[in-house]
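Notes follow once the structure below has been shown.
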Amino acid sequence: MASLKGKSVLITGASSGIGAFLARDLVRRGARVGLLARRKDRLEALVEEIEGVGGQAAWAVADVTDTYALAGALSALNAELGGTDVIVANAGYGRPDPPHKFKPGAAIVMYDTNLFGMLRVIDWVLPRFLEAGKGHIVGVASVASYAGMTNSAAYCGSKAAMRVHLQSLRVSLASHGIAVTTICPGFIKSELTEKNKFPMPFIWETERAARYVGDAIERRRGEVVFPWQMRWLKQVLVRWLPVAVLEGVLRRGARRRGPR
Ligand SMILES: NC(=O)c1ccc[n+]([C@@H]2O[C@H](COP(=O)([O-])OP(=O)(O)OC[C@H]3O[C@@H](n4cnc5c(N)ncnc54)[C@H](OP(=O)(O)O)[C@@H]3O)[C@@H](O)[C@H]2O)c1
2 MASLKGKSVL
12 ITGASSGIGA
22 FLARDLVRRG
32 ARVGLLARRK
42 DRLEALVEEI
52 EGVGGQAAWA
62 VADVTDTYAL
72 AGALSALNAE
82 LGGTDVIVAN
92 AGYGRPDPPH
102 KFKPGAAIVM
112 YDTNLFGMLR
122 VIDWVLPRFL
132 EAGKGHIVGV
142 ASVASYAGMT
152 NSAAYCGSKA
162 AMRVHLQSLR
172 VSLASHGIAV
182 TTICPGFIKS
192 ELTEKNKFPM
202 PFIWETERAA
212 RYVGDAIERR
222 RGEVVFPWQM
232 RWLKQVLVRW
242 LPVAVLEGVL
252 RRGARRRGPR
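When you line the sequence shown up against the numbering used here, it's residues 2 to 261, in that order.
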């Protein structure tokens, strides 16, 4: 296990949900954290909270779809914290995209945030990690990355591309001393899921999820899927069922629910 004590961890999407709770968790493990998102007030409040319990944190505002603003903000955090040991590409969002509400461009914006946002983070950090011969890249994908679920084409597609990209990086960078961890959560309570009007089986509290992610980072794990029920469901539905049978199940579910 690689101790996070004294390590500097930059987190995108740290103003709420998994990112904010992960920041608190990593500070409890002794890390210094750099927090990035668009909502300045949330970041400032979180830094104040962390400093209030004796932790070290810094914040910077940027939109992960803005290459130059993002690079500038990451560089500012890097300078303030005296380097970067771990970077967590967590910023992202999801929204149903049923065909009767089709909006041209919406899928492109979602890919730009979820997938290209992560790639911009990697563009900024990888040259630094390669030069240092060490580092740890963490990407928050989703269990939704394993199949094209109903009315979630852009979300599932962007998360699938993240997961496969990270897998390739993991095997390619291992010999360079750089670890790559892919986080695939099931349903977790957050601003993202509070809008959902459908049942969310096996949903976890945000703090519990953040602790799980913190453990995965500390252990430099490869790909993690949680909770275990989702890991099992993913295995049965996606890995063992023939694709045509899986799509039949998804189509029947969509017909039963009707448009929304
Ligand atoms: N909750 C779940 O069930 C679940 C399951 C699987 C995967 N995930 C993934 O977990 C990650 C965190 O989501 P969450 O559930 O914690 O939801 P959340 O509370 O809505 O957090 C999303 C974070 O991403 C930031 N963000 C969104 N768009 C951004 C942009 N363009 N530039 C910079 N920051 C941006 C938000 O900050 P600002 O709005 O302040 O910019 C916020 O801090 C996402 O990648 C999500 O896809 C969540």
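Yeah, the Cβ is synthetic: ideal placement off N, Cα and C, and Gly gets one too.
This structure is a prediction, so every number in the text was calculated from the model and none was measured.
How about R33 and L82: are their beta carbons less than 7 Å apart? yes
For the alpha helix (DSSP H) that contains R43, what are its first and last residues? K41 to G53
Exposure label - I109; buried when at least 16 CB within 10 Å: exposed
Does DSSP classify L36 as helix, strand or coil? strand
Can you tell me the Cα-Cα spacing of D216 and K235, whole angstroms? 22 Å
At which residues does the alpha helix (DSSP H) containing G136 begin and terminate? Not the alpha helix (DSSP H): G136 falls in the beta strand (DSSP E), residues G136 to V141.
Per DSSP, which one or two residues make a beta bridge with A61? L37
Whole-angstrom C-beta distance between I51 and V28, which should lie under 8 Å: 5 Å
Which class does F199 belong to by DSSP, given the choice of helix, strand or coil? coil
Run the proximity test for N152: is its beta-carbon closer than 6 Å to any non-hydrogen atom belonging to ligand 1? Using a cutoff of 6 Å, the CB of N152 does not count as near ligand 1, since none of the ligand's heavy atoms is closer than that.
I'd like to know whether the C-beta atoms of V214 and I179 end up nearer to each other than 7 Å. With a cutoff of 7 Å on beta-carbon distance, V214 and I179 are scored as not near each other.
Going by the DSSP bridge assignment, what does I180 pair with across the sheet? One point to set straight first is that residue 180 is Ala, not Ile, in the sequence displayed. Paired residue(s): H137.
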